[in-house]
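Sequential numbering from 0 applies to the sequence shown in numbering that gives the first Met the number 0.
Beta carbons are placed, not taken as given, at the ideal position from N, Cα and C, and that holds for glycine.
Worksheet: the structure to be examined is printed underneath.
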Amino acid sequence: MKNLSIYIHIPFCVRKCLYCDFLSGPACDGEMESYVNLLLREIEKQSIFYGDHRVVSIFLGGGTPSLLPARETERILWQVRNVFSLAEDVEITIECNPGTVTAEKLKNYITYGIDRLSIGLQSTDDGELARIGRIHNYRDFLETYEMARKAGFGNINIDLMAGLPGQGIASYRKTLERVVALSPEHISAYSLILEEGTPLYVNQKSYTFPDEDEDREMYELTGTVLGQAGFHRYEISNYAREGRECRHNKVYWRRGDYVGFGLGASSMIRNVRWKNPDMPSDYAVCLEKPETDGQREAAYSLMRQTAQGIGTKAECAAHIAETETDPAIRMKDEGVWNRAFAEMLRQTGRCGVQSLTVQEQMEEFMFLGLRMMEGVDLGEFRRYFGKSVDEVYGKQIGSFVEQGLLERDDRRIWLTPRGIDVSNTVFAAFLL
Ligand code: SF4
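Right under this line is the structure:
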């Protein structure tokens, strides 16, 4: 069976943060219930395509998924368990904002099988939090964190941000030190990006942002403080205790199969990428198509037939597993399968449906893989594409190794600390 990860988008927030351009906004309980009804329908309708997959991670993201009443979270996870086959050690994460959970809700999460909590703190400085429009202060966060530990969460991520308006090196260091003292299992530390159209972008002249040198110092400070506290960096912006890397996010960087449910959610299955509509009305409409079970079965049967006329789901899965070992057969099969699958997705109102070419797959393999500190696996590249990484990227790799931006041995290639600093330039060079 192939591994599958599931992302579920919950587009509700108490109010918009000033830097946020995610698909989210306020809603009442009734709207949340209606939205969850649509989600349940989508999960059920989509599940027929993944009978040959086993779910290894589920991520409830947003938005603020912890705003959902507990019974709605329970309904979603019940539906996933009902129609998908889950791995015994499936990782289930929910994103949570301070002040949006009670002790009871957190205990409920544990009984639903949620074993990882991701808390959006961003900063421990109340002035910085207020300037970016967060709904909480540091005390709210501490209460949520303590409640989560008491409820039994043994795997907690804390999200931080550098480059905030009015943030200095000293206050950022304080944030890092305070967070480290709490001993979470995982820390994500991203830099603020001013997204066009957000209030922070529009009013940027009214704020003082850290300059380029300070930005860089904060970035280095993150690695130093977290490294000294025993966190290891496993991705450009993610740090974890040993064995506590986020399994779900690693699937994105390793180009595993994942399916997204909900408004605007993205998916990639066997090198077909697509997105759900951003507008609630379009999302609801796309769940109506294809309307009947007959049409749905016909679409699925078309895909099954393309796998060399193989009839049953089990035979189809066995065939796919067999072809995985031969890149030439896999690519040929996948090409036919992808066309049928992509067509079905278009017919059902999905957006940006794209069947990746082999070249695009190689590009993604390199620039997503290099985000991880362990880098790209040369043997995996050969197994997957039927040629060595040097046949395709020998020139770029040679030049970056010479410049000290990449390092390699006979198994892997990875970014050096200097390479991480200019990672976007390195990634761009892998676009063929
Ligand atoms: S909590 Fe997250 S998703 Fe919601 S508005 Fe703030 S940044 Fe956006």
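Item	Value
Does the Cβ of S23 lie closer than 7 angstroms to at least one heavy atom of the ligand SF4?	yes
Can you find a heavy atom of the ligand SF4 that lies under 7 angstroms from the Cβ of K15?	yes
I want to check one thing, is the minimum distance from the CB of C95 to the heavy atoms of the ligand SF4 below 7 angstroms?	no
Mind checking whether the beta-carbon of C27 lies closer than 7 angstroms to any heavy atom of the ligand SF4?	no
Nearest to G29 by alpha carbon, out of I57, L66 and S4?	L66
Within a Cβ cutoff of 7 angstroms, which residues of the same chain sit near R177, ignoring the five residues on either side of it in sequence?	T123
Just checking, does the region 68-78 make contact with the region 110-122 on the three C-beta pairs under 8 angstroms criterion?	yes
Just to check my reading of the structure: Y206 and M160 have Cβ atoms closer than 8 angstroms, yes? What is that Cβ distance to the nearest angstrom?	Contact doesn't hold; Cβ gap of about 14 angstroms is too wide.
With a Cβ-Cβ cutoff of 8 angstroms, do Y233 and L225 count as a contact?	no
Hey, quick one: how far does the alpha helix (DSSP H) through H247 stretch, first residue to last?	R246 to W252
Which of helix, strand or coil does DSSP assign to Y137?	helix
Is the separation between the beta-carbon of I235 and that of S422 shorter than 8 angstroms?	yes
Apart from the five residues on each side of it in sequence, which residues of its chain come closer than 6 angstroms, Cβ to Cβ, to P97?	H135, D139, F140 and T143
On the DSSP bridge assignment, give the partners of K274 in chain order.	S265 and C350
Less than 7 angstroms between the CB of T63 and some heavy atom of the ligand SF4, yes or no?	yes
Could you round the C-beta distance between I192 and N156 to whole angstroms and report it? I think they count as a contact, below 8 angstroms.	I192 to N156, Cβ: 20 angstroms. No contact.
Let me know the secondary structure DSSP gives Q307 once reduced to three states.	Note that Q307 scores 44 on pLDDT, short of 50, meaning its location in the model is unreliable; the coordinates nonetheless yield the value given after this. Coil.
Give every residue of the same chain whose Cβ lies closer than 7 angstroms to the Cβ of Q395, excluding the five residues on either side of it in the sequence, and list them in chain order.	A428 and F429
Could you name each continuous beta strand (DSSP E) segment of 3 residues or more that falls completely within the region 31-117, going from the start of the chain to the end?	52-61 and 85-95
Looking only at its own chain, which residues have a Cβ that is under 7 angstroms from the Cβ of N81, when we skip the five neighbours before and after it?	none
For the region 159-204, which segments carrying the alpha helix (DSSP H) assignment without a break, of at least 4 residues, lie completely within its bounds, in sequence order?	168-181 and 198-201
Starting from I396 and walking both ways along the alpha helix (DSSP H), at which residues does that stretch end?	V388 to E401
Evaluate K44 with the Cβ neighbour count: other Cβ atoms within 10 Å of its Cβ, from every protein chain shown; 16 or more gives buried, anything less gives exposed.	buried
Take L105 as the anchor and find which of A150, A180, T92 and L85 has the nearest alpha-carbon.	A150
When the Cα atoms are used, what is the spatial distance from R417 to A147?	38 angstroms
With a CB to CB cut of under 6 angstroms and the five nearest residues on each side skipped, what residues in its chain are close to C19?	none
Go through its chain and collect everything with a Cβ distance to Q307's Cβ below 6 angstroms, but skip five positions before and after it.	Note that Q307 scores 44 on pLDDT, short of 50, meaning its location in the model is unreliable and no value can be drawn from it.
For a test of the three-state rule: what should DSSP assign to E145, helix, strand or coil?	helix
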